[in-house]
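Novice: For the sequence shown, this note's numbering gives the first residue as 59, with consecutive numbering after it.
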Amino acid sequence: MKLLYIHQYFIFPEMSGGTRSYDLATSFCKKGIEVIVITSEKAPKKNSKRWTEFERDGIKFFVLNCPYDNTMGFWRRIASFSRFFWFASFKALKIKCDIVLATSTPLTIAIPALVRNILKKTPYIFEVRDVWPEVPVKMGYINNKYIIKLLYWFEKLVYKRASWIVPLSLGMKQNIEQRYPNQKSIVIPNISEISRFNNIENSVNLPVDIQGKKIVLYAGTFGEANGVDYLVNLANMTLDIDNSIIYLLYGKGKQLVSVLDSAKKKGVLNNNLYYGGVVSKSELPYLNSICTVACSTFIDNPVLWDNSANKFFDSLAAGRPIMINYLGWQSDIIKHYNAGYVLPAKLTEKSIADFVKYINDKKLITEQSVRAHSLAKSEYSLEVAVEKYMKIFEAIQTNRPTEKVRKNSFK
59 MKLLYIHQYF
69 IFPEMSGGTR
79 SYDLATSFCK
89 KGIEVIVITS
99 EKAPKKNSKR
109 WTEFERDGIK
119 FFVLNCPYDN
129 TMGFWRRIAS
139 FSRFFWFASF
149 KALKIKCDIV
159 LATSTPLTIA
169 IPALVRNILK
179 KTPYIFEVRD
189 VWPEVPVKMG
199 YINNKYIIKL
209 LYWFEKLVYK
219 RASWIVPLSL
229 GMKQNIEQRY
239 PNQKSIVIPN
249 ISEISRFNNI
259 ENSVNLPVDI
269 QGKKIVLYAG
279 TFGEANGVDY
289 LVNLANMTLD
299 IDNSIIYLLY
309 GKGKQLVSVL
319 DSAKKKGVLN
329 NNLYYGGVVS
339 KSELPYLNSI
349 CTVACSTFID
359 NPVLWDNSAN
369 KFFDSLAAGR
379 PIMINYLGWQ
389 SDIIKHYNAG
399 YVLPAKLTEK
409 SIADFVKYIN
419 DKKLITEQSV
429 RAHSLAKSEY
439 SLEVAVEKYM
449 KIFEAIQTNR
459 PTEKVRKNSF
469 K
């Protein structure tokens, strides 16, 4: 079987970002599937060719010269998305394949798969990492009624023609099915890559001496939706109560400068909150190994509760409790399995006191670490995700009745 995998932001382990597509693609190869990836070079060199081709880890890559960075403004990102889907659509038509797997965001990533499906009848799977355009519309990033109407029409078309839809969380699945019932969908969450997080050889130079400290780790994007300034406020409120609690922040994004400026103004930057720069995926195991808890934050907006943030799954893979500040399926999982801590969206003196008590409870932290690792292994391992995808591929190739597959094959 030949699989065409389309992902605009394909990341290798030595790079910064999520490696879901890399982990899945290499695992598919080990299962005997020929994998071809269409992706982009986010920071291409000057005068580089439109397309670069190479092979790595058994995968054939077609890489488009298409600059992108999450610090870009809205319209520059739209231009990047448009360039990618335009040239990727032509490339997708030239590649021999049996199935197409397109993974968002953005929603436009589905266009090459859709073009291939319409012109060559190739079935495709659409993997939903964020529910577009629902999220940007509800957050106010898109407010032109004609554009909104067009995007919802396109979303409906993408879902209707897809052989399978793979949302990364139950909340995303419910969101899609409420608006577009009777879709063929199955949840395959982000991956807790346990073997990677067992390897802590790649150490990181830390910005502070951590001896005797309780460490809250944030390693991810500093975007508008992430609301990392929440940690600045948390650091400010815990400083006078327990200055042995420190916050290590890693990553980049549009809001990085404003977050650090806020930390400086509140007097916590390089006091009990430290910024360590950008780290690769292969360096994250070390950072997770030294922290007390890892965390994921988002602004207070229910549309973001359905997220499937890599930070959540990386923490579990590393056997560390995960701390979040939002409700939704992750909050439910944390509470049900006792694998972390849920802070309120708005901090109060009581919630701060409760958090300080929690992070100083060594016995509880140890118990949650064990539970987190067990949860990663049983529910979110790479092997679980790959097995679900293999059953989808088999269902498409054998044309088995969809409902029978859904009921009997994905337990």
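Don't be surprised by glycine CBs; every beta carbon is placed ideally from N, CA and C. Values in this document were obtained by computation on a predicted structure and should not be read as measured data.
Just verifying my parser: in three-state terms, what is the DSSP assignment at T350?
Specialist: In the structure shown, T350 sits in coil (DSSP, three-state: anything other than H, G, I, E or B).
Novice: At the level of alpha carbons, what is the spacing between I423 and V351?
Specialist: 8 Å
Novice: From L401 to Y288, what does the alpha carbon distance come to, in whole angstroms?
Specialist: Spanning the two alpha carbons is a distance of roughly 11 Å.
Novice: For S427, name the three-state secondary structure that DSSP assigns.
Specialist: helix
Novice: How close, in whole Å, do the beta carbons of I380 and I392 come, if the pair is a contact with beta carbons under 8 Å?
Specialist: With a Cβ gap of about 6 Å, I380 and I392 count as contacting.
Novice: Determine which residues share a DSSP beta bridge with R114 and list them.
Specialist: I117
Novice: Please state whether DSSP places N256 in a helix, a strand or coil.
Specialist: DSSP places N256 in coil when its eight states are reduced to three.
Novice: How big is the Cα-Cα spacing for L347 and E341?
Specialist: Note on residue identity: the sequence assigns Ser, not Leu, to residue 347. Rounded to whole angstroms, S347 to E341 spans 10 Å at the Cα level.
Novice: Identify, in the order they occur along the chain, each residue of the same chain with its Cβ nearer than 6 Å to the Cβ of T97, setting aside the five sequence neighbours on each side.
Specialist: For T97, where only same-chain residues beyond five positions count, the Cβ hits under 6 Å are H65, F68 and V121.
Novice: Within 10 angstroms of the Cβ of T77, are there 16 or more other Cβ atoms? Answer buried if so, exposed if not.
Specialist: buried
Novice: Distance check for T110 and K203, CA to CA, integer angstroms please.
Specialist: 38 Å
Novice: Kindly list the residues whose CB is nearer than 6 Å to the CB of D300, restricted to its own chain and excluding five residues on each side of it in sequence; keep chain order.
Specialist: V414
Novice: State buried or exposed for T456, treating a residue as buried only when at least 16 other CB atoms are found within 10 Å of its CB.
Specialist: exposed
Novice: Could you work out which residue in I117, A137 and D156 is closest to A453 when comparing CA atoms only?
Specialist: Put simply, of I117, A137 and D156 the residue whose alpha carbon is nearest the alpha carbon of A453 is D156.
Novice: Taking the alpha carbon of P170 as the reference point, which residue from V189, R187, F145 and W190 has its own alpha carbon closest?
Specialist: F145
Novice: Between which two residues does the alpha helix (DSSP H) containing V414 stretch?
Specialist: E407 to I417
Novice: According to DSSP, is S138 helix, strand or coil?
Specialist: helix
Novice: Taking all protein chains shown into account, decide if E113 is buried (16 or more other Cβ within 10 angstroms of its Cβ) or exposed.
Specialist: Classification for E113: exposed.
Novice: Would you list, in sequence order, the uninterrupted beta strand (DSSP E) runs of no fewer than 3 residues that lie entirely inside the segment 319 to 379?
Specialist: 331 to 333 and 351 to 354
Novice: Between the beta-carbon of K272 and the beta-carbon of I417, is there less than 7 Å?
Specialist: yes
Novice: Would you say D364 and G229 are within 7 Å of each other, going by their C-beta atoms?
Specialist: yes
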